[in-house]
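Step one of this worksheet: look at the structure below.
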Amino acid sequence: VSVTWFGAAAYCNWRSGMEGKPLCYSPTTWDCSFTAHGYRLPTEAEWEKAARGSSDERTYPWGEEIDCDHCNYGLCVSHTVEVGDASYAGGASPYGARHMAGNVGEWCNDWVDENYYAVSPSVDPTGPASGDARICRGGTWFYEEYHARCAARSGYTPGDSYDGLGFRTVRPTGES
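Here this note's numbering is used: the first residue of the sequence shown is 102, the next is one more, and so on.
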C-alpha cells in the first residue's frame, strides 16, 4: 500500500530480475512489453476477469450481496488488512483471488480513456497507449459498497499514493 504506479511497475521489474525473467517495463519510458514474460501489473481486462470469473454478471467476486464478512469496505475495520487474512476467505473470487473487492484499490497497467472499449480489441485488450491517469480497480477499505463492485473503476495519476492504494502482480505463462 501507499505505492505509486511507478513504484508498482518498478517492483514488477525488480521481481522479474530476481527470478531471471525478462523485464516488462522500460525503465525510461515505463511502457509495458506484453511479449516479455516477466512480472507486470494486470490489464484492466485481466483484473476484471480475475474478479468475476467466467460470469460477466457477478456484482462482487463472490456473488450479489456484500457485507463485512466478505470484504473490507466502508470502514468495516478502519484500516487495510493483510492479503492472507483468513477472515475474508469467503470473499475470494471464483479463481481463489482474495481482496479483489475492498481492502485497497489496485493499480492496473491501463491508462484511463473512457472511450477505449468502444474501439478496443474484443479479446485481451491491453489498454490505451497513453493518458494522464492509470486505472485502479477493487475499491478500498474506506469506500462504500458501490466502489467494491467488479465493474467499479477509478483513475489516479501514476505519481499518486495513499494508504488505500496498492497492487498485485501477474506473470503470463510462456516460454521465458
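Every residue gets a Cβ at the ideal spot worked out from N, C-alpha and C, and that includes glycine.
This structure is a prediction, so every number in the text was calculated from the model and none was measured.
Beta-carbon gap between residue i and residue j smaller than 9 Å
i	j	result
residue 159	residue 206	no
residue 269	residue 198	yes
residue 103	residue 152	no
residue 126	residue 146	no
residue 179	residue 242	yes
Where residue i sits in the DSSP three-state scheme
i	result
residue 216	coil
residue 161	strand
residue 196	coil
residue 208	strand
residue 116	helix
residue 247	helix
residue 108	helix
For residue j and residue i, believed in contact at Cβ under 8 Å, the rounded distance
i	j	result
residue 271	residue 128	Contact flag wrong, Cβ pair sits at about 19 Å.
residue 204	residue 182	6 Å
residue 240	residue 252	Incorrect: roughly 11 Å between the Cβ atoms, too far for contact.
residue 202	residue 174	7 Å
residue 200	residue 224	About 27 Å separates the two Cβ atoms, so there is no contact after all.
Chain-order list of residues whose beta-carbon lies under 6 Å from that of residue i (same chain, five-residue window excluded)
i	result
residue 163	171, 192
residue 229	212, 214, 217
residue 248	240
Proximal residues to residue i (C-beta, below 7 Å), its chain only, five neighbours per side dropped
i	result
residue 109	142, 208, 268
residue 106	208, 235, 259
residue 227	135, 144
residue 256	213, 234, 235, 236, 237
residue 169	177
residue 263	103
residue 210	133, 141, 142, 143, 144, 228
Cβ shell of residue i (< 8 Å), same chain only, five flanking positions each side left out
i	result
residue 154	162, 194, 195, 196
residue 261	105, 106
residue 149	238, 251, 252
residue 277	Legend: pLDDT at residue 277 = 45, less than 50; position of this residue unreliable, value from coordinates given subsequently. Cβ within range, chain order: 122, 123, 137, 138, 139.
residue 131	107, 110, 259
residue 265	102, 181, 205, 206, 241, 242, 243, 244
residue 231	212
Residue i CB to nearest heavy atom of the ligand ATP below 8 Å
i	result
residue 202	Looking at this structure, you won't find the ligand ATP or any other ligand, since it has none at all.
Checklist entry - Three or more C-beta pairs closer than 8 Å, one from the segment 133–141 and one from the segment 112–125: is that the case here? => result yes
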